[in-house]
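Below is one structure, written out as structure tokens, with a few remarks after it.
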Amino acid sequence: SALRRLEERDRALCQMGDCVPCKPGCCLLAGFLSSELQAARCLYGRQSPAPREGEVEEGGDVDCELRSLFTDLGLAQPSPRTSLSQLLTQLTAKVSEVVAEQDVGAALLTCSLEPAQWERLEVIGEVLGKDYECRKQMLLHRLDLTIQSFRWSPRAEERRAAVRSVYEPLRRELSARSHVTLAHVLAARHDLSIVTKTTSLASRKHTACAINKVVMGAVPDRGGRPSDLERPMPTWDGRRGEGGRKRNKQKRGKGHKQP
Numbered sequence: 001s002a003l004r005r006l007e008e009r010d011r012a013l014c015q016m017g018d019c020v021p022c023k024p025g026c027c028l029l030a031g032f033l034s035s036e037l038q039a040a041r042c043l044y045g046r047q048s049p050a051p052r053e054g055e056v057e058e059g060g061d062v063d064c065e066l067r068s069l070f071t072d073l074g075l076a077q078p079s080p081r082t083s084l085s086q087l088l089t090q091l092t093a094k095v096s097e098v099v100a101e102q103d104v105g106a107a108l109l110t111c112s113l114e115p116a117q118w119e120r121l122e123v124i125g126e127v128l129g130k131d132y133e134c135r136k137q138m139l140l141h142r143l144d145l146t147i148q149s150f151r152w153s154p155r156a157e158e159r160r161a162a163v164r165s166v167y168e169p170l171r172r173e174l175s176a177r178s179h180v181t182l183a184h185v186l187a188a189r190h191d192l193s194i195v196t197k198t199t200s201l202a203s204r205k206h207t208a209c210a211i212n213k214v215v216m217g218a219v220p221d222r223g224g225r226p227s228d229l230e231r232p233m234p235t236w237d238g239r240r241g242e243g244g245r246k247r248n249k250q251k252r253g254k255g256h257k258q259p
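Note that the UniProt record's numbering numbers the sequence shown so that position 45 is 45, with each residue one more than the last.
So, in structure tokens, the structure goes:
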């Protein structure tokens, strides 16, 4: 019956079947059905309606990015029913206004790309991101080993807690993951194509620090240079004579000459 399909556990209701129940049974049945109806309405109210075409799903990745962008630009948060075209229109107008006030230069990407080109560009970005992640993991591992080597000396052993309190908070902020996306390609300016040397005055103005002036003292030479290594002596094998039969054949051949 319908009660069994609803998984009712009350034996009195399940045993009634299709017959008309008595007055106490009717009250019990009405209470059960009303509770099921109330539960169904609660579950239906919790379900978020599917976004229509042109609308942004509330709580999705696009919605979070748009809300963050509206906050950064100082705009009021849009309503959930605002269409995507209206959001883009508001953002375009505000971004154009902000860019006009600032001297940000010309964009590096001046042409419009086709969908296939954007997909190809995304694949290239993923490959470069994996290579960058591998290189940065190696650099972070070298950094950890360098900090560990500072603790080998007896003097540094006494200040291990101080070094850890300074280093570990900074180390947790360093991540090997690349955060460069296609949005950075659109935001790139023309001055990004200008490559400057890392040793130039303009670069050293921002990268110079006090540790660069520390000069290391004399340290023992650990060796290991390829030019200092001597070649191993070749192994000596005695000359082996050839078999006797072969020598006899050669002698007999020399004794019989053609006339």
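Think of the CB as a built atom: it goes at the ideal place given N, C-alpha and C, for glycine as much as any other residue. All values reported here derive from a predicted model rather than from experimental measurement.
Delimiting residues of the alpha helix (DSSP H) encompassing residue i
| i | result |
| --- | --- |
| G129 | P115 to S149 |
| K205 | L201 to T207 |
| L170 | R160 to R172 |
Strand pairing of residue i, partner residues [DSSP]
| i | result |
| --- | --- |
| R189 | A107 |
Residue i, buried or exposed, once every other Cβ within 10 Å from all chains shown has been counted against 16
| i | result |
| --- | --- |
| L87 | buried |
| L229 | exposed |
| L113 | exposed |
| L66 | buried |
| T207 | exposed |
CB-CB length for residue i against residue j, believed under 8 Å
| i | j | result |
| --- | --- | --- |
| H190 | A100 | Incorrect: roughly 17 Å between the Cβ atoms, too far for contact. |
| L182 | G125 | 7 Å |
| L109 | V185 | 6 Å |
| S178 | E133 | 6 Å |
| L73 | V104 | Going by Cβ atoms, the distance from L73 to V104 rounds to 15 Å, so no, they are not a contact pair. |
Cutoff 8 Å; reference residue i; Cβ partners in own chain excluding five residues on either side
| i | result |
| --- | --- |
| C27 | none |
| R160 | R151 |
| S193 | L108 |
| A76 | F70 |
Sequence-distant residues of its chain with Cβ nearer than 7 Å to residue i (five each side left out)
| i | result |
| --- | --- |
| M233 | none |
| L140 | L174 and A176 |
| P78 | F70 and L87 |
| A154 | Contrary to the premise, residue 154 reads as Pro rather than Ala in this sequence. Hits under 7 Å: none found. |
| T199 | none |
| K136 | A176 |
| L128 | none |
| P169 | none |
Same chain, Cβ closer than 6 Å to residue i, neighbours up to 5 away in sequence not counted
| i | result |
| --- | --- |
| L145 | none |
| S203 | T196 |
| A156 | F150 |
Min CB distance residue i to chain C below 8 Å
| i | result |
| --- | --- |
| E173 | Looking for chain C here will not work: only one protein chain is present. |
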